[in-house]
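Using the working numbering, the letters of the sequence shown map in sequence onto residues 311 to 612.
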Amino acid sequence: KLAIAIGKEIENGIDGIIIAHGTDTLSHTAAALTFMVQNSPVPIVLVGSQRSSDRPSSDAALNLINAATAAGHGDIAEVMVCMYGPTSDEYGFLHRGTRVRKMHSSYRSTFRTLSDTPLATVSRKNGVQPIKKEYNHRRKDRNVIIKPFFEEKVTIVYYYPNMQPDIIDSLVDNGYKGIIIAGTGLGHINKPLYPAIERAHKKGVHIFMAVQTLYGFCHMYVYDTGRDLMAKGIIPAQNLLPETAYIKLGWVLGQTNDPEEVKRLMLTSINDEITRREPYNGYLVYQGGVPEVENFLKTFHK
């Protein structure tokens, strides 16, 4: 419904969209909208706050001001998350909807772009200052593409030692069509689960492997375990974040159930959910919130 409403607003000539959202599932909505609302000619900015507006340390007003700046004056026409930046209050960050994640339960600077750099900084003083060189620019046309379909029978399973095969079997028995497994290391689960994986694959369940580490790629060719799992039907999901992989699989299965097309769509990056590599200057250096890092930057980064 939200994607459809956004499409109607864009077609009616709106110049920017701000969506107020709770922070717990903000990144899930941002990922879903990235897949459902494509080729947007205007900024679509999701914003929230970690601390309520009645607290002296609230980030609510600053985040909203920054979101309005990005939506009203920025040139980046994508689904973005606008949240708090460094503790100095100098600016906020604009995060791409497919690579952002809440990384702390209470910090104001909890939202981080993982395995990449944020799109931009944003402040009332300096406006939107892009960090990434490549992004979708604002346009005057109204040629937005809305693909709002989503298969709800999709789940994400975090593997743990001694996980029993009946967990996978129960998902299959209850009609689940897609499973994201967040595996250990390079993308692994234990051998007692193999028969359940084979049964699921034979019944047409689409299974993809992400990594619990959040950083790094799923490399299932390295060890026998990974190669065995691929032979049983599990597909490595590159460096899709587990939650983004879950959202994308639900969206993909809303479009098609053909195995080859599902695989193609899952492994085709729509907006940087799969990156070519991980930059050296990502998580800490450009995202603030860590006093030691900020002091280092002020001293050494010119």
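The C-beta atom is built at its ideal place from N, Cα and C for all residues, glycine as well.
Please classify residue i: is it buried, with 16 or more other beta-carbons within 10 angstroms of its beta-carbon, or exposed?
i: Tyr593; result: Confidence in Tyr593 is poor, its pLDDT being 49 and thus under 50, which makes the residue's placement too unreliable to answer from.
i: Asn264; result: Any answer about residue 264 is impossible in this case: the structure gives the chain only from 311 up to 612.
i: Ser337; result: buried
i: Pro396; result: buried
i: Ala371; result: exposed
i: His516; result: buried
i: Tyr470; result: exposed
i: Asn349; result: exposed
i: Ala541; result: exposed
i: Thr423; result: buried
i: His405; result: buried
i: Gly536; result: buried
i: Ser359; result: buried
i: Asp426; result: buried
i: Gly317; result: buried
i: Ile354; result: buried
Quick one: what does DSSP say residue i is sitting in, helix, strand or coil?
i: Lys450; result: coil
i: Thr578; result: coil
i: Leu503; result: helix
i: His338; result: helix
i: Pro569; result: helix
i: Val347; result: strand
i: Thr465; result: strand
i: His529; result: coil
i: Val515; result: coil
i: Gly560; result: helix
i: Thr554; result: helix
i: Ala510; result: helix
What number of angstroms, rounded off, separates the C-alpha of residue i from the C-alpha of residue j?
i: Val391; j: Ala377; result: 8 Å
i: Tyr504; j: Pro475; result: 8 Å
i: Trp561; j: His383; result: 31 Å
i: Ile489; j: Thr465; result: 5 Å
i: Val595; j: Ala315; result: With a pLDDT of 47 at Val595, under the threshold of 50, the modelled position of this residue cannot be trusted; read the value that follows with caution. Cα-Cα distance, rounded: 37 Å.
i: Leu575; j: Glu319; result: 27 Å
i: Ser362; j: Thr335; result: 17 Å
i: Val352; j: Thr339; result: 18 Å
i: Ser398; j: Thr431; result: 13 Å
i: Pro552; j: Ser368; result: 30 Å
i: Leu563; j: Tyr556; result: 11 Å
i: Ala520; j: Gly497; result: 6 Å
i: Val438; j: Thr379; result: 7 Å
i: Lys513; j: Tyr486; result: 10 Å
i: Ile478; j: His511; result: 11 Å
i: His529; j: Ile545; result: 10 Å
i: Ala547; j: Phe403; result: 27 Å
i: Val467; j: Ile491; result: 5 Å
Go to residue i, then tell me how far its beta strand (DSSP E) extends in each direction, as first and last residue.
i: Arg537; result: Careful: Arg537 lies outside any beta strand (DSSP E), inside the alpha helix (DSSP H) at Asp534 to Ala541.
i: Pro475; result: Neither: Pro475 is in no beta strand (DSSP E) and is coded neither H nor E.
i: Val352; result: No beta strand (DSSP E) contains Val352, which DSSP labels as neither H nor E.
i: Ile316; result: Ile316 -> not in any beta strand (DSSP E); alpha helix (DSSP H) instead, spanning Leu312 to Glu321.
i: Gly488; result: Gly488 to Gly493
i: Ile328; result: Ile327 to Ala330
i: Pro440; result: Gly437 to Pro440
Open item on the list: For a minimum of 4 consecutive residues, which ranges assigned as the alpha helix (DSSP H) are wholly contained in the segment 355–434?
Closed with: As far as the segment 355–434 is concerned, its whole alpha helix (DSSP H) runs of at least 4 residues are 370–383.
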